[in-house]
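So for the sequence shown, our numbering puts the first residue at 16; every next one is plus one.
Idealized CB from N, CA, C, for every residue including glycine.
Notes follow the structure.
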Amino acid sequence: MELSQLPTKVRAYPAVVKGNVLDDVKRVEQEYADKNVFHLPEGKKRRVKATLKGTDLKVVGIDFLKSENCLLHHTDAYNIKNLVVRRGQAFKLQLSFSRELQAADKLALRFGLGEKPMKLRGTLMSLNPRREQDLGGWQISILKNSGKECLLSVTSSPKAPVGKYMLNVKTGTNIYKPENDAVYLLFNPWCKDDVVFLDDEAKRKEYVLNDTGLIYVGSAYSIYPRPWNFGQFEEFVLDACMYMLDKSELKLSRRRDPVSVSRVMSALVNANDDNGVLLGNWSGNYISGTSPMDWIGSVTILQKYYKTKQPVRYGQCWVFAGVLTTVMRCLGIPSRCVSNFNSAHDTDENLRVDVYLNERGEKLNTRSLDSIWNFHVWNDVWMKRTDLPTGFDGWQAIDATPQEQSQGIFQCGPCPLKAVRDGDVYLPYDSKFVYAEVNADRVYWIVRKVNGKEKYTRIGTETQGIGVNISTKAVGEDKREDITLEYKFPEGSEEERKAMEKACSFLRPSIFVPRGRFASALPVDDMLSRPEVLHETVSKTGLQLEISNTEALYPGNPLELAITVKISAPGSWTINLTGSCQLQSYTGNVVANLGYVKEAVILEGKSETQIPLRIPADVYMNTLALVEDEVLIHVTAIAEVEGTDDKLTKDTAMRFEYPPIVIQMPETARLNEEFTCAFIFKNKLNVRLDNCKLMVEGLGLFKMSTFDEGDIEPGRIIKSQIICTPTRLGEKKIVAKLTAAQIKGISAEKTITITP
16 MELSQLPTKV RAYPAVVKGN VLDDVKRVEQ EYADKNVFHL PEGKKRRVKA TLKGTDLKVV
76 GIDFLKSENC LLHHTDAYNI KNLVVRRGQA FKLQLSFSRE LQAADKLALR FGLGEKPMKL
136 RGTLMSLNPR REQDLGGWQI SILKNSGKEC LLSVTSSPKA PVGKYMLNVK TGTNIYKPEN
196 DAVYLLFNPW CKDDVVFLDD EAKRKEYVLN DTGLIYVGSA YSIYPRPWNF GQFEEFVLDA
256 CMYMLDKSEL KLSRRRDPVS VSRVMSALVN ANDDNGVLLG NWSGNYISGT SPMDWIGSVT
316 ILQKYYKTKQ PVRYGQCWVF AGVLTTVMRC LGIPSRCVSN FNSAHDTDEN LRVDVYLNER
376 GEKLNTRSLD SIWNFHVWND VWMKRTDLPT GFDGWQAIDA TPQEQSQGIF QCGPCPLKAV
436 RDGDVYLPYD SKFVYAEVNA DRVYWIVRKV NGKEKYTRIG TETQGIGVNI STKAVGEDKR
496 EDITLEYKFP EGSEEERKAM EKACSFLRPS IFVPRGRFAS ALPVDDMLSR PEVLHETVSK
556 TGLQLEISNT EALYPGNPLE LAITVKISAP GSWTINLTGS CQLQSYTGNV VANLGYVKEA
616 VILEGKSETQ IPLRIPADVY MNTLALVEDE VLIHVTAIAE VEGTDDKLTK DTAMRFEYPP
676 IVIQMPETAR LNEEFTCAFI FKNKLNVRLD NCKLMVEGLG LFKMSTFDEG DIEPGRIIKS
736 QIICTPTRLG EKKIVAKLTA AQIKGISAEK TITITP
């Protein structure tokens with residue numbers, strides 16, 4: 016440095032600038048920085064200090080190196096200006112200074128979480144790259160110091176609370192606050208020291224990074240996929256999740272723990288206790304909001320919630336599960352949607368669900384507080400359970416659908432799948448409830464009028480019909496994966512009954528079994544005082560029942576159904592058969608009685624016969640148009656063999672079949688270059704479809720759009736088009752859904768590859 020480059024006032028003091036100018040300036044800067052006394056008169060010292068203050072180190076800019084960092088942290092897809100990184104993994108920051116960084120300069124990067132960050136609470140990290148200190152597992156180092164630029168490496172603790180950290184840089188007395196000063200810190204399934212570590216790249220890609228998926232619905236033996244856009248990387252979704260974390264009032268220190276985070280999020284995705292994201296509605300009346308059938312993804316729901324801070328109307332189980340998957344994946348916790356078919360809702364912890372039928376075999380709605388849903392969708396999340404004995408790491412069940420309160424709040428889980436499978440239902444959280452959903456036994460009762468009073472007769476016990484075909488989307492494929500064996504041992508196996516015995520030993524006795532208003536009217540012999548391991552009803556005559564449809568179940572066509580009765584024992588047998596057909600919602604609630612058949616069947620020896628059950632179209636079409644929910648065809652058969660104690664009940668649920676939506680578009684397209692996507696639907700049904708609405712969405716291609724198609728007469732073809740402009744590379748999916756008064760959801764999806 017030349018003398019002419021020094022401030023005028025500094026040059027005026029020989030004691031400061033004598034000898035080698037550069038050495039003296041460094042000495043004075045060092046003395047000033049260390050607050051040492053200059054060898055000058057007091058008045059002159061003050062003036063020199065004031066002048067030299069102009070040469071203090073100041074930060075003039077920060078480059079978050081977003082492209083490089085986000086690619087390494089698998090966060091490059093987030094549609095947000097801020098830096099998003101995962102805990103326990105290094106990221107780089109480039110600081111620009113007013114002058115070269117020198118040995119004596121003070122420098123500290125400060126990451127603060129919450130409104131009042133404090134070092135003592137572990138919510139303020141002050142990182143000095145030149146000092147070895149206890150940083151709570153955080154690390155910082157200088158990678159390169161050149162001129163006025165300094166490249167730093169920062170690694171957060173793998174146990175750091177997740178959230179939105181505010182960053183500022185302190186140099187001496189100067190504090191620099193950058194634009195977009197929030198750094199979002201997420202869980203890290205790629206980090207071995209993070210409790211959500213998942214040691215499988217294909218699974219990480221599916222359960223953390225995949226922003227589309229399939230949710231399986233229908234009935235136990237008529238399963239179909241419903242496409243769902245999770246959209247965890249879309250605009251405002253991450254901010255919505257951070258808002259939810261703040262709203263949860265979870266202590267900042269507990270935000271490091273995925274057990275706590277997943278539990279509070281299972282509560283916040285429903286609106287029951289805390290003005291959370293979604294208001295549940297199973298009434299069939301959705302006029303003041305959006306029908307649960309109309310959603311095709313989580314993005315619109317979370318964006319609306321973040322904007323209004325009010326619950327979005329309305330959700331049912333697959334919507335709650337879809338949104339919770341989005342939230343978990345967005346925060347970095349591996350998550351999957353799980354569909355349980357014939358899912359028990361056991362309100363009294365006796366591992367029994369009682370089903371009541373009238374003499375026609377029609378299910379009675381109001382007899383029990385327990386229920387069996389055709390399907391129920393919840394979530395699994397992946398984590399180590401450091402709060403439990405060893406052996407319970409891995410998948411944990413959580414559920415945002417508000418069914419039962421847990422610790423006074425509508426929340427559920429996380430519950431280890433291993434605890435469910437083994438019957439260890441004493442473990443937290445909500446393991447008894449989840450165990451019953453997949454393992455409860457079903458007891459059938461027939462209600463008859465005898466001398467003006469109702470008489471309840473037990474006509475069958477089914478121990479293997481609850482919790483079947485438990486399903487999730489397969490890793491890397493648009494296929495269904497059956498994960499039943501992760502939840503339970505094979506039905507009827509020795510391990511399964513031992514697990515049931517163990518589970519029963521942890522359950523409290525019930526006051527009334529079956530539970531309900533009528534329970535005290537039941538014969539004492541038919542009541543059980545405590546949970547017990549029931550056994551499948553065994554037939555002496557080899558009596559069997561099968562229910563099937565003989566024609567495709569298209570709306571507008573007669574329902575051609577059949578009940579097959581079989582006998583395997585020698586002799587002549589008279590079987591009194593009753594069969595009924597009802598429309599019911601997926602929660603098992605009866606919507607309409609459609610018809611029944613009652614016959615005495617005579618079978619000789621090992622033989623069978625088929626009894627038709629035909630329902631004309633005009634009997635059910637009006638109901639389809641009036642009901643807002645998608646309904647299933649529920650058939651129940653009761654057979655009683657005269658002269659024996661043989662009684663058998665069988666029921667099944669079937670879904671209607673629909674014409675497809677055809678999506679036409681190229682197989683590939685280029686980034687930022689427009690292409691056209693067409694949606695074609697032909698009404699192949701023999702009834703008019705009223706008030707048709709087509710909803711389409713393509714993440715990274717176009718925002719959700721709705722087309723009002725009006726009424727579609729039989730044979731008519733509709734075609735709608737949308738212009739797509741790809742903004743992201745890779746495989747992208749377009750999802751379409753058509754609804755009408757008579758049909759509540761025909762879905763389709765198609766994949767396109769976006770190239771540079």
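Cβ neighbour criterion (16 or more within 10 Å) applied to residue i
i	result
D633	exposed
Y236	exposed
T667	buried
G603	buried
N466	exposed
M133	exposed
R807	Any question about residue 807 goes unanswered here, given that the chain covers just 16 to 771.
Y441	exposed
T721	exposed
D437	buried
T664	buried
G76	exposed
P429	buried
Y47	Caution is warranted here: a pLDDT of 49 is assigned to Y47, below 50, making its placement in the model unreliable, and no coordinate value can be reported.
P729	exposed
R145	exposed
S281	buried
Residues bridged to residue i (per DSSP)
i	result
D78	Q109
C739	F690
Y459	V370 and G475
N355	H391
H360	S386
M398	G409
P242	L229
6 Å Cβ shell around residue i - same chain, five flanking residues per side excluded
i	result
L294	A286, P326, R328 and Y329
D196	M181 and L182
S762	R241, P242 and K752
A123	S141, N143 and K185
I695	V677 and K734
E657	T589
Contacts around residue i, its chain only, beta-carbon distance under 7 Å, and the 5 residues preceding and following it disregarded
i	result
I316	V292, L293, W310, V327 and V338
P176	L128, L267, S268, R270 and R271
I737	C692, V711, F717 and S720
N84	L98, V100, F106 and K107
Candidates the options: closest to residue i by CA position
i	options	result
K488	S735, L574 and C352	C352
G103	Y320, T768, A92 and S172	S172
Y601	A451, S386 and A415	S386
C692	D705, L704 and E712	E712
D705	N698, M719, G725 and L716	G725
P570	A684, Q625 and R703	R703
N290	V490, E561, T323 and F356	T323
L512	V435, G178, L200 and I238	Position check: residue 512 holds Arg in this sequence, whereas Leu was assumed. Out of V435, G178, L200 and I238, V435 has the C-alpha closest to the C-alpha of R512.
P681	R125, G187, I630 and T768	T768
Pair within 8 Å by beta-carbon distance, residue i and residue j
i	j	result
P3	R495	Because the chain is modelled from 16 through 771, residue 3 falls outside the range shown and cannot be assessed.
K748	K765	yes
R344	Q247	yes
I424	D288	yes
E374	R457	no
L618	I590	yes
P349	K159	no
F251	T227	no
V739	V650	The residue you asked about is not Val; residue 739 is Cys in the sequence shown. Contact: no.
M308	E645	yes
N701	N572	yes
G507	K662	no
heavy atom of the ligand ADP below 7 Å from residue i C-beta
i	result
E216	Among the components of this structure there are no ligands whatsoever, and the ligand ADP is therefore not found.
Nonlocal neighbours in the same chain, by C-beta distance under 8 Å from residue i, ignoring five residues either side
i	result
D361	R367, V368, D385, F448, A451, E452 and A455
K433	G406, F407, G409 and D439
N687	T740, P741 and T742
P771	R685, L686 and L744
N300	E643
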